Amino acid sequence: MLQLIEWYNRNKRKLPWRNTNDAYKIWISEVILQQTRVAQGLAYYLKFIERFPDVSSLASANIDELMRLWQGLGYYSRAKNLLTAARQVVEQFDGKFPETVMDLKKLKGVGDYTAAAVASISFNLPAAAVDGNVYRVLSRIYAIDEPVNTTKGKQMFQQLATKLIDKKNPGTFNQAMMELGALLCLPKKPLCHICPVNEKCLSFASGSIARYPVKNKKPKQKKRYFYYYVINNKNNTFICKRISRDIWHNLYNFPLIEESRMLTGEQILSAIKKFSWLKCTEKTAIGISEEFRHVLTHQVILARFVRISGADIDKTAADKVLEIEISALDNYAMPRLITRYLEKHPLATR
DNA sequence: AAGGCGGGGTC
DNA sequence: GACCCAGCCTT
């Protein structure tokens, strides 16, 4: 695989986490890049390292501030797990970042891939980091028909990558494989004509690139109907922290009623009475927004926002909701659905 | 082994 | 629309 390494050294992107061997920084970069493109994660990495430059600063972080830093990046359990893992390092590893694959995998949120990436890049250990790029590259080079998303398939690819890894420069090898997948061996239109290993690529030789990687089945999406009630009382509004085992865990949003079917305008207004702490009077003004469509991997959220101003609030009964100033909304981590709504329909203060 | 968990880019 | 991204955790 010498051609691959040479290609990598000539063509690799200049990325901030490639200027360090600091295991903490490599770890942060790897977690940010889980199921996330470099272009999307880069800015998050920079502000994350600036705010939390080392594991001890992260270990003493506040969860709400951490979630706010992670806002918009998705897969929010990663942020929670980072905090848990940082505290593990401080408490179980005496503040010193673990240096073996086995110990790295003890950290919350660190699986086979991330452990191998940190071990190889920071500690020069011969651990093969097998991610989506590597599945694609290897399945094409060797024309492997085994599905990559089964236990058996994953084992096979892990074994193959382990056999191929350059034991002298494992970190460079791992990154070269991934960089090849990210820059040339693309999912849709791979750039085989300039690929450094095209002469060794079985699927290129047989014109069967498009068949790889083989995957079986895809989950289908479910529809959910969200009705948010956005209260605008003078300078204040009301938000709730999402605490159930569901999407957007630990993020904030507006008081919510969820239905399995679409509601009529009349039903949306009628549902207001489910909030016992909210009393509409003759002075109350109500407006229903257009539908917001928010697509996630496995579900589609169809949301409307009901703007309510001039209502009375029974604060003794409003124990599940948090009253905040509208100007403080930015301090709370919220899903993109909510920030998109607020960009389009800002809350007015007076 | 299967399902849950985001948001955005690309074709 | 469908697919995919430097995956991991829970059940």
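For the first sequence, our numbering assigns the number 33 to the initial residue and increments by one for each residue that follows. Even glycine gets a Cβ: it sits at the ideal position worked out from N, Cα and C. Everything numeric in this text was worked out from a predicted model, so none of it was measured.
What number of angstroms, rounded off, separates the C-alpha of residue i from the C-alpha of residue j?
i: residue 267; j: residue 293; result: 33 Å
i: residue 190; j: residue 138; result: 20 Å
i: residue 363; j: residue 75; result: 19 Å
i: residue 370; j: residue 59; result: 30 Å
i: residue 36; j: residue 228; result: 6 Å
i: residue 302; j: residue 352; result: 20 Å
i: residue 305; j: residue 311; result: 8 Å
i: residue 205; j: residue 197; result: 6 Å
i: residue 129; j: residue 372; result: 38 Å
i: residue 95; j: residue 239; result: 50 Å
i: residue 70; j: residue 299; result: 44 Å
i: residue 118; j: residue 199; result: 29 Å
i: residue 355; j: residue 97; result: 18 Å
i: residue 349; j: residue 307; result: 9 Å
i: residue 236; j: residue 260; result: 51 Å
i: residue 226; j: residue 338; result: 54 Å
i: residue 367; j: residue 319; result: 22 Å
i: residue 40; j: residue 212; result: 8 Å
i: residue 379; j: residue 358; result: 7 Å
i: residue 347; j: residue 309; result: 7 Å
i: residue 246; j: residue 185; result: 10 Å
i: residue 203; j: residue 230; result: 23 Å
i: residue 92; j: residue 344; result: 40 Å
i: residue 280; j: residue 207; result: 31 Å
i: residue 86; j: residue 56; result: 7 Å
i: residue 164; j: residue 377; result: 38 Å
i: residue 77; j: residue 162; result: 21 Å
i: residue 218; j: residue 67; result: 15 Å
i: residue 144; j: residue 101; result: 26 Å
i: residue 271; j: residue 157; result: 47 Å
i: residue 46; j: residue 52; result: 12 Å
i: residue 275; j: residue 297; result: 28 Å
i: residue 146; j: residue 174; result: 24 Å
Can you tell me whether residue i is buried or exposed? The criterion is at least 16 other CB atoms within 10 Å of its CB, across all chains shown.
i: residue 62; result: buried
i: residue 416; result: Outside the modelled stretch of the chain, which goes from 33 to 382, sits residue 416, for which no answer is possible.
i: residue 335; result: buried
i: residue 264; result: buried
i: residue 81; result: buried
i: residue 327; result: exposed
i: residue 90; result: buried
i: residue 287; result: buried
i: residue 242; result: exposed
i: residue 72; result: exposed
i: residue 340; result: buried
i: residue 283; result: buried
i: residue 187; result: exposed
i: residue 360; result: exposed
i: residue 34; result: exposed
i: residue 269; result: buried
Ends of the alpha helix (DSSP H) at residue i?
i: residue 112; result: 109-124
i: residue 133; result: 133-136
i: residue 106; result: From DSSP, residue 106 is part of no alpha helix (DSSP H); its letter is neither H nor E.
i: residue 193; result: 183-196
i: residue 304; result: Looking at the DSSP string, residue 304 is not in any alpha helix (DSSP H), and its letter there is neither H nor E.
i: residue 70; result: 70-83
i: residue 204; result: 202-215
i: residue 87; result: 87-91
i: residue 166; result: 164-173
i: residue 57; result: 55-64
i: residue 375; result: 368-376
i: residue 35; result: 34-43
i: residue 146; result: 144-155
i: residue 365; result: That residue, residue 365, is in no alpha helix (DSSP H); it is neither H nor E in DSSP.
i: residue 236; result: 234-237
Look up residue i in the DSSP assignment and give the residues it is bridged to.
i: residue 311; result: 344
i: residue 354; result: 271
i: residue 260; result: 288 and 337
i: residue 327; result: 332
i: residue 265; result: 268
i: residue 199; result: The partner list for residue 199 (beta bridge, DSSP) is empty, contrary to what the question assumes.
i: residue 255; result: 332
Tell me the residue span of the beta strand (DSSP E) that contains residue i.
i: residue 100; result: Element bounds for residue 100: not the beta strand (DSSP E) but the alpha helix (DSSP H), 95-102.
i: residue 317; result: 317-320
Would you say residue i touches the ligand FMN, meaning its beta carbon is less than 6 Å from a heavy atom?
i: residue 155; result: Looking at this structure, you won't find the ligand FMN or any other ligand, since it has none at all.
Q.
Is it the case that the segment 324-338 contacts the segment 244-263, given that we only count it when at least three CB pairs across the two stretches are under 8 Å?
A. These segments touch.
Q. When the Cβ atoms of the segment 120-129 are set against those of the segment 165-179, are three or more pairs found closer than 8 Å?
A. The segment 120-129 makes no contact with the segment 165-179: fewer than 3 CB pairs, one atom from each, lie closer than 8 Å.
Q. Taking three-plus beta-carbon pairs below 8 Å as touching, is the segment 106-117 in contact with the segment 148-158?
A. The segment 106-117, when compared against the segment 148-158, does not touch it at the 8 Å Cβ threshold.
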